[in-house]
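See below for the structure under consideration.
Residue numbers (the numbering used here), protein chains in the order written: chain A, 6 to 601; chain W, 110 to 228.
Printed below as a string of structure tokens:
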């Protein structure tokens, strides 16, 4: 039986390799590999003018082989939104279960698996990639670069994500296929030892491998962003006038560079403990707390990896619909850098209740409270930017304001949790869950939506449907506040995290949280419908400046690029869609006018 | 017409290798961790082959066959060290890297010879 399996696997691998070789032989001119056939040098570098590469291939092959930063940005975005749907469906199942106090719909083990996949997916397969989507598409345009510094590494970084997702999610289908021999990991996203070492389920190994790959991907992407922003800026862009979004991407990439390799190492240690009998996290080895230190040394900077670029998006978009320049631009940049540095000095605030030395707790509490200062600088600067401005409440602006509101709630509850005595009471309750969901869903996802709507005309050449966008905003906003405020209240009541069942006294608040989650879910359906239908048949934008930013003197480089693209395109863009260079469609002309 | 504003005319916009570099690494990792010998060897071949391919394409390696031979040396050394110093499942993992290295070496040598006879 074992031999038969090995032979089958060998055949499968052989077929795969032959298929790859066949694809490559059709795609590449293999004779160009020969030093003699290519004129004795065989040295084919960038720009050597191989004719068959000067244009993108057609169809699906274009997307499989692209190294163009805009295409890769679109791929990251599509992947991120798909993962968002996976994580979202997982949480809706969980919230449906939590509508009643007892286990009615799904079992406790399946609940644990959904909770694990929800956390991992939202942070590593949605959060990080969707920011890379914006970064890839817009950083080169904003800084006047031709492309990312390393286009191929950029493509490798993206293509690591689909196999990472397959490995992370594989436990669910494999549980059915293998009759439960392999099942989805139930470690929670924090993978605390000894639980994660003792769960012998091979599905955990798959998840750890997938996570490792996503970390490699993020690190490669970060190196690329740093190199691009340092060395590929156009002549007119220096450090003084570098845009705020690129500043946040640069800082985020720096944090990734120092934290993700540590996650990778810790994951390898965990894999070794699980499979090869090492004792990194065993009691007679490094101990279970070693994992928490390593994990949170990565894990807390991860929070800022996720929140800094959305802050950059808000800092970029919000002034454009306030009719005023960003208030205190320099200090917003300084606060970004300050958060980047401080983010590495707060990790043990996740461990206040583990019995670590009280002097260490006090110092981590101080730094955690200190990080509220640069965060508050940003918040006040957004508010003062809007103060007395000419505010246009278009969808991207609504999402920016939603970001600010939710960030204030998420941030202030975070300040409370940074305080040791408060944390000791609220640790491991729904208060913590409410706090960080205000940041990740309430703030980060809102800023992502702001970016998606703001640049929709640029990457599609069309305008979204503004009424649906506003429905999306209000449903997301009301849903998130209902759900997460209910969670904060549950936390004050002492409801512990990570349980599929609960005491009857928590039933009302859980019901409100579930209702809010489904309101949010409905809002996201509207979002998907809006994006898909508008992309396919939305009214075409009639100018390169659909938001009339020129009027307030705030047009940025990417819109100048868009204008140039529209002016010079004859029939087809790189997206394969026709773009009208002149007016003439009465119905479509209304779209951006209505919006603005 | 400026079909791709913002991109230089000389810029190559497509490469077949990144997707295989990524998939090769993923398959190799799964093969090594679980451990599944054929998957590890296949993943290693895909990964190493694609790395050499992408290095040649971007001009860091002049001759792909020499690149394969060089890569095989690395695989052979790492594989041999693990194979010789361990037992049990770790030994099997080392053996997978070693066997992968042998196949890569064979491909490199065969390619060089094939090319020189057809040049």
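Here a beta-carbon is modelled for each residue, glycine too, at the ideal position from N, C-alpha and C.
{"Item": "Just to confirm, is the Cβ distance from residue 142 of chain W to residue 210 of chain A under 7 Å?", "Value": "yes"}
{"Item": "With a Cβ-Cβ cutoff of 7 Å, do residue 133 of chain W and residue 152 of chain W count as a contact?", "Value": "yes"}
{"Item": "I'd like the span of the alpha helix (DSSP H) that includes residue 246 of chain A, first residue to last.", "Value": "Looking at the DSSP string, residue 246 of chain A is not in any alpha helix (DSSP H), and its letter there is neither H nor E."}
{"Item": "Output yes or no for whether 7 Å exceeds the beta carbon distance between residue 327 of chain A and residue 391 of chain A.", "Value": "yes"}
{"Item": "Would you list, in sequence order, the uninterrupted alpha helix (DSSP H) runs of no fewer than 4 residues that lie entirely inside the region 350-385 of chain A?", "Value": "363-375"}
{"Item": "Which class does residue 545 of chain A belong to by DSSP, given the choice of helix, strand or coil?", "Value": "strand"}
{"Item": "Enumerate, from N- to C-terminal direction, the unbroken alpha helix (DSSP H) stretches of 4 or more residues contained entirely within the region 52-112 of chain A.", "Value": "64-70, 74-102"}
{"Item": "Residue 161 of chain A CB to nearest chain W CB: under 7 Å?", "Value": "yes"}
{"Item": "According to DSSP, which residues form a beta bridge with residue 501 of chain A?", "Value": "A:434"}
{"Item": "Considering only the beta carbon of each residue, do residue 522 of chain A and residue 100 of chain A sit closer than 7 Å?", "Value": "yes"}
{"Item": "Assuming residue 160 of chain W and residue 130 of chain W form a contact by the criterion Cβ under 8 Å, report the distance between their Cβ atoms to the nearest whole angstrom.", "Value": "6 Å"}
{"Item": "When we look at the beta-carbon of residue 236 of chain A and count the other beta-carbons within 10 Å, is it buried (16 or more) or exposed?", "Value": "exposed"}
{"Item": "Taking the CB atoms as reference points, tell me whether residue 396 of chain A and residue 477 of chain A lie closer together than 7 Å.", "Value": "no"}
{"Item": "How many whole angstroms separate the CB atoms of residue 325 of chain A and residue 552 of chain A, which I take to be in contact at a CB cut-off of 8 Å?", "Value": "6 Å"}
{"Item": "What in chain W is Cβ-close to residue 32 of chain A, meaning under 7 Å?", "Value": "125"}
{"Item": "For residue 467 of chain A, which beta-bridge partners are listed by DSSP?", "Value": "A:545"}
{"Item": "I want to verify the contact list: residues of chain A whose CB lies under 7 Å from the CB of residue 163 of chain W, in sequence order.", "Value": "157"}
{"Item": "Quick one: any contact between the region 416-428 of chain A and the region 377-391 of chain A, if contact means 3 or more CB pairs under 8 Å?", "Value": "yes"}
{"Item": "To the nearest angstrom, how far is the alpha carbon of residue 385 of chain A from that of residue 454 of chain A?", "Value": "22 Å"}
{"Item": "Less than 7 Å between CB atoms is the rule here; does residue 218 of chain A satisfy it with respect to chain W?", "Value": "yes"}
{"Item": "Along the region 388-418 of chain A, what residues have a CB closer than 9 Å to any CB found in chain W?", "Value": "none"}
{"Item": "Counting only C-beta atoms, is residue 186 of chain W closer than 7 Å to chain A at any point?", "Value": "no"}
{"Item": "Taking all protein chains shown into account, do 16 or more other C-beta atoms lie within 10 angstroms of the C-beta of residue 174 of chain A, making it buried, or fewer, making it exposed?", "Value": "buried"}
{"Item": "For residue 146 of chain W, report the span of its alpha helix (DSSP H) as first-last.", "Value": "146-166"}
{"Item": "Under the rule that 16 or more other beta-carbon atoms within 10 Å means buried, what is residue 112 of chain A, buried or exposed?", "Value": "exposed"}
{"Item": "How many whole angstroms separate the CB atoms of residue 509 of chain A and residue 106 of chain A, which I take to be in contact at a CB cut-off of 8 Å?", "Value": "5 Å"}
{"Item": "Could you tell me the boundaries of the alpha helix (DSSP H) in which residue 206 of chain W lies?", "Value": "197-227"}
{"Item": "Please list the residues of the region 138-160 of chain W that have a C-beta atom closer than 9 Å to any C-beta atom in chain A, keeping them in chain order.", "Value": "138, 139, 140, 142, 143, 144, 145, 146, 147, 148, 150, 151, 152, 154, 155, 158, 159"}
{"Item": "Would residue 345 of chain A pass as a contact of residue 253 of chain A if the rule is Cβ separation under 7 Å?", "Value": "no"}
{"Item": "So what's residue 154 of chain A in DSSP terms, helix, strand or just coil?", "Value": "coil"}
{"Item": "So which residues of chain W does residue 71 of chain A contact, with C-beta pairs closer than 8 Å?", "Value": "122, 123"}
{"Item": "Taking just the CA atoms, how far does residue 313 of chain A sit from residue 357 of chain A?", "Value": "25 Å"}
{"Item": "In whole angstroms, give me the CA-to-CA distance for residue 141 of chain A and residue 114 of chain A.", "Value": "39 Å"}
{"Item": "Return the residue from the list A:69, A:306, A:135, A:194 that minimises the CA-CA distance to residue 120 of chain A.", "Value": "A:194"}
{"Item": "Quick one: what's got a C-beta closer than 8 Å to residue 51 of chain A's C-beta in the same chain, skipping five residues either side?", "Value": "Confidence is the limiting factor: at residue 51 of chain A the pLDDT is only 38, short of 50, which leaves the residue's position unreliable, though a coordinate-based value still follows. Correct list: empty, nothing qualifies."}
{"Item": "CA-CA distance, residue 533 of chain A and residue 13 of chain A?", "Value": "41 Å"}
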